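In this text, residue positions in the sequence shown follow this note's numbering: the first is 17, and each later residue adds one.
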Amino acid sequence: MHTRTHGHPSIRYRHSDFQILVAAEVTRLKPPGDQSLLTSAATVFDAAPPSAAAFTRAELLISLAVFSLLVAIVLPALAHDRARSARIICVNNLRQIGAAMQAWGNDHQDLQPWEVPPVEGGTKAHPLAVNVWLHFAVLSNELASARILFCPTDTGTPAFDFGSSPEGGYLSPNYRNAATSYLVAHRDSTEPMVMTVADRNLLGAAPRSCVVFGMALSIRVPSSGQPTARWGGGLHNGVGNALRANGQVDQITDRELLDVSYYPGSDNFPFDFVAR
Ligand SMILES: [Zn+2]
17 MHTRTHGHPS
27 IRYRHSDFQI
37 LVAAEVTRLK
47 PPGDQSLLTS
57 AATVFDAAPP
67 SAAAFTRAEL
77 LISLAVFSLL
87 VAIVLPALAH
97 DRARSARIIC
107 VNNLRQIGAA
117 MQAWGNDHQD
127 LQPWEVPPVE
137 GGTKAHPLAV
147 NVWLHFAVLS
157 NELASARILF
167 CPTDTGTPAF
177 DFGSSPEGGY
187 LSPNYRNAAT
197 SYLVAHRDST
207 EPMVMTVADR
217 NLLGAAPRSC
227 VVFGMALSIR
237 VPSSGQPTAR
247 WGGGLHNGVG
257 NALRANGQVD
267 QITDRELLDV
277 SYYPGSDNFP
287 FDFVAR
């Protein structure tokens, strides 16, 4: 607490004394009721040596520069981390789907749902078989959660369970394909490295058929050169994650699509996917 110091050239006031002094000065400068009083008072309070003001400006500039630098460093790192964690979740989803397919196959002569007729619990030639969700619905007893059918980078709505509730049930028309981020390449799984389930965002493939809730396309695979399909930019920025027939999950580039969509004796590689 400052105390009054009589007889000294630089007199210091207690804070309350200072306020009284300022109030008196304000009253002297302007009549009461004048709105510009506040401006005058502020002028009195803000009176500071020019050097102090200059220092404050310099400090502000430095703070802004440091802040901008931090933003420039941290934001891309955060975006990179988000993309990386999304990729990890997606790869993990596909691994679990692969495990579910293997478990399902153990009860069905090592076949997949699209290779087994409906009377035996599969989806082969089922009237709705072009809907990709149907294949996953058949696998549902082997899947830990309906959420793993949804890639974190996708639009749409993940389902909570495999019920038919309009609020979160995978079998409800509100979910189904909207809750499905993965395509199904329903070739016989005889080639171990061939893609069976993958991110759905393949573009440029030749349309084969189309129904209300889904679409089936095929990658045309010329004997040399590039496949006619490529990954769209929407999900993982120009690449996709793919589960191979042997259970392995890899990130696949456009060029590598040729290798994962190989099928002996055919230049077409059909798959069901969801367009949105
Ligand atoms: Zn994904």
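Backbone N, C-alpha and C fix where the C-beta goes; we use that ideal spot for every residue, glycine too. Bear in mind that the values here come from a model prediction, so they are computed numbers and not experimental data.
CB-CB length for residue i against residue j, believed under 8 Å
i	j	result
P174	R163	5 Å
H151	V107	Rounded, the Cβ-Cβ distance is 20 Å, inconsistent with contact.
G138	E131	7 Å
Residue-chain proximity (residue i, chain D), Cβ-Cβ < 9 Å
i	result
S277	Protein chain content of the structure displayed is limited to a single chain, and chain D is not contained in it.
Distance CB(residue i)-CB(residue j) smaller than 9 Å
i	j	result
Y110	L259	As written in the sequence, residue 110 is Leu, which differs from the Tyr given in the question. Cβ distance < 9 Å, so L110 and L259 count as in contact.
R216	C167	yes
G250	T269	no
T196	V265	no
A261	T206	yes
V210	Y198	no
P129	A141	no
Q112	A160	yes
D288	N147	yes
Whole-angstrom distance between residue j and residue i, CA atom to CA atom
i	j	result
G248	G256	9 Å
D275	E75	58 Å
Q267	W149	22 Å
S84	D170	31 Å
D177	A194	14 Å
E272	P208	15 Å
V228	G263	Unreliable placement is indicated for V228, whose pLDDT of 28 sits below 50; the coordinate value is still reported in the next sentence. Rounded to the nearest angstrom, the two C-alpha atoms are 31 Å apart.
R103	S188	27 Å
A245	P92	30 Å
R73	S79	10 Å
S180	L77	59 Å
V135	P143	13 Å
I105	W120	22 Å
L94	L165	25 Å
S277	R98	29 Å
V87	H252	24 Å
V90	G172	29 Å
- request: Specify whether the region 124 to 135 and the region 176 to 187 touch according to this definition: at least 3 beta carbon pairs, one from each stretch, less than 8 Å apart.
  value: Put simply, the region 124 to 135 does not touch the region 176 to 187. Fewer than three CB pairs are less than 8 Å apart.
message: For the region 150 to 163 against the region 113 to 120, do three or more pairs of beta-carbon atoms, one drawn from each stretch, fall closer than 8 Å, so that the two count as touching?
response: Contact between the region 150 to 163 and the region 113 to 120 is present: 3 or more CB-CB pairs across the two stretches fall below 8 Å.
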